Amino acid sequence: MDIIDIHPHIISDDEKRYPPAPLFGKRSDWSQERPSTVEALIAAMDAAGVAKAAVVHSSTTYGFDNSYVVDGCNQYKDRLVAVGSVDMLADDVAATVRGWAGKGLAGLRIFTGGSTKDFDPSELDNPQSFKAWDALAELGLPMCIQTGPIGLPQVTLLARKFPSVNIILDHLGRPEVLDGPPYANAASLFALADIPNIYMKLTPRIFGDVRKEKASAETFFPRVVAAFGARRLAWGSNFPTSPGTLEEILSTAQAGLACLDEEDRAWIFGKTAQQLYPGLA
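For the record, in the sequence shown the residue sitting at position 223 is 239 according to our numbering, with numbers rising by one throughout.
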């Protein structure tokens, strides 16, 4: 099966052409310590056996300027598509979304917090942002959301208000799983299971968490598949944000999902990505 990664990042080595201007004014440590150009990503994909990728714009490096992720992915149109970020509260956000889509953007992402800032989901359900969601529905583009359990009520509202827009939760929505089965502390995650346009990314964060305390891959991942179905789950490497080579990150994910059957793994490692981003098909 073709393996597809829906969450790597790229950072240019040409700061004159692509000047850093991080969201919230603080640049992420990883983007300075482990930068990876689009050429380096392609080399890492070749070494790991990853066929294609949906490359996620680094908001903590470039803010709302998607130039590098778009330019980089357009160099490798047969293997990469770009996922960018815009100011969701700007008056001209709908025109901005259409403009970037015209340049090749295949989806959007909202970064409500993470490595450089605590989560603040308040903009998610701000009516000012709904123009952007209408544009996504019109263009048939998905939206990734970076948030934790605190933002899941807003995610639920958006998924129901815009049922034709596929929403992909970064890092599985960062559930608390250390209590082990039946994973009562992740109840807010599993409550999303009956909303068909919510999808999940399985990234290094969850593969690390299921090795801790009472959690295990063998009890958690079958529970997630039973709730959402493998067709709503997709693997993302978070390379190079997460430490390790892309090959090592993929190997960890494959070991963690070895408890699933071959068909489920085929969806998680490729087929779901192709449904979300047709350019990867």
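We put the beta carbon where it would ideally sit given N, CA and C, even for glycine. Just so we're clear, the structure is a prediction, and the values are computed from it rather than from any experiment.
**Where the alpha helix (DSSP H) through Trp116 begins and ends** = Val109 to Gly118
**Request:** Compare the C-alpha of Thr172 against each of Val109, Ser204, Asp280 and Trp46 and name the closest.
**Result:** Scanning Val109, Ser204, Asp280 and Trp46 for the CA closest to the CA of Thr172 turns up Ser204.
**Request:** Evaluate Gln162 with the Cβ neighbour count: other Cβ atoms within 10 Å of its Cβ, from every protein chain shown; 16 or more gives buried, anything less gives exposed.
**Result:** buried
**Item:** Residue span of the alpha helix (DSSP H) that contains Gly252, given as start and end
**Value:** Where Gly252 is concerned, there is no enclosing alpha helix (DSSP H), given that its DSSP letter is neither H nor E.
**Asked** According to the neighbour-count rule (16 or more other Cβ atoms, all chains shown, within 10 Å of its Cβ), is Ser180 buried or exposed?
**Response** exposed
**Prompt:** Can you tell which of Ile211, Val193 and Pro24 has its C-alpha closest to the C-alpha of Leu176?
**Reply:** Leu is not the amino acid found at residue 176; the sequence shown has Arg there. Selected option, being the one with the closest Cα: Ile211.
**Asked** Sorted by chain position, which residues of the same chain lie with C-beta nearer than 8 Å to Asn201's C-beta, five sequence neighbours on each side aside?
**Response** Pro191, Glu192, Val193, Leu194 and Asp195
**Message:** For the segment 84-92 against the segment 36-43, do three or more pairs of beta-carbon atoms, one drawn from each stretch, fall closer than 8 Å, so that the two count as touching?
**Reply:** no
**Request:** Tell whether a beta-carbon distance below 8 Å holds between Thr112 and Val99.
**Result:** no
**Request:** Please work out which residues of its chain come closer than 8 Å, Cβ to Cβ, to Thr128, disregarding the five sequence neighbours upstream and downstream, and give them in chain order.
**Result:** Phe135, Asp136, Pro137, Glu139, Leu140, Ile161, Gln162, Thr163 and Gly167
**Asked** So, helix, strand or coil for Met61, using DSSP?
**Response** Residue state, collapsed to three classes: helix.
**Prompt:** By how many angstroms is the C-alpha of Tyr78 removed from the C-alpha of Arg43?
**Reply:** 9 Å
**Prompt:** Exposed or buried, which one is Pro198 when buried takes at least 16 other CB atoms within 10 Å?
**Reply:** exposed
**Prompt:** Around the Cβ of Gly224, are there at least 16 other Cβ atoms within 10 angstroms (buried) or fewer (exposed)?
**Reply:** exposed
**Asked** For the candidate residues Ala250, Val226, Asp150 and Ala231, whose alpha-carbon lies nearest to that of Leu185?
**Response** Ranking Ala250, Val226, Asp150 and Ala231 by Cα distance to Leu185 puts Ala250 first.
**Asked** Around the C-beta of Asp45, are 16 or more other C-beta atoms found within 10 angstroms, so that it is buried, or is it exposed?
**Response** Classification for Asp45: exposed.
**Check whether Lys217 and His23 have beta carbons under 8 Å apart** = With contacts defined by Cβ atoms closer than 8 Å, Lys217 and His23 form a contacting pair.
**Request:** Have a look at Gln291 and Arg50 and give me their C-alpha separation to the nearest angstrom.
**Result:** 30 Å
**Request:** Could you check what DSSP says for Leu189 in three-state terms: helix, strand or coil?
**Result:** In the sequence on display, residue 189 carries Gly and not Leu. Correct three-state label for Gly189: helix.
**Residue of Val86, Tyr215 and Ile126 minimising C-alpha distance to Val97** = Ranking Val86, Tyr215 and Ile126 by Cα distance to Val97 puts Val86 first.
**Prompt:** Cβ atoms of Leu121 and Leu152: under 8 Å apart, would you say?
**Reply:** no
**Request:** State the start and end residues of the unbroken beta strand (DSSP E) segment that holds Gln170.
**Result:** Unbroken run through Gln170 is the alpha helix (DSSP H), Leu168 to Lys177; no beta strand (DSSP E).
**Item:** Nearest-angstrom Cα separation, counted from Cys275 out to Val240
**Value:** 12 Å
**Request:** Can you check DSSP and say which residues form a bridge with Met216?
**Result:** For Met216, which the question treats as bridged, DSSP gives the partners Leu185 and Leu249.
**Prompt:** Is it right to say Lys119 is buried, meaning 16 or more other beta carbons lie within 10 angstroms of its own, or is it exposed?
**Reply:** exposed
**Request:** Report all residues from its chain with a CB closer than 8 Å to the CB of Ala63; omit the five preceding and five following residues, and keep chain order.
**Result:** Counting only residues of its own chain and dropping the five nearest sequence neighbours on each side, Ala63 has a CB closer than 8 Å to the CB of Thr261, Leu262 and Glu263.
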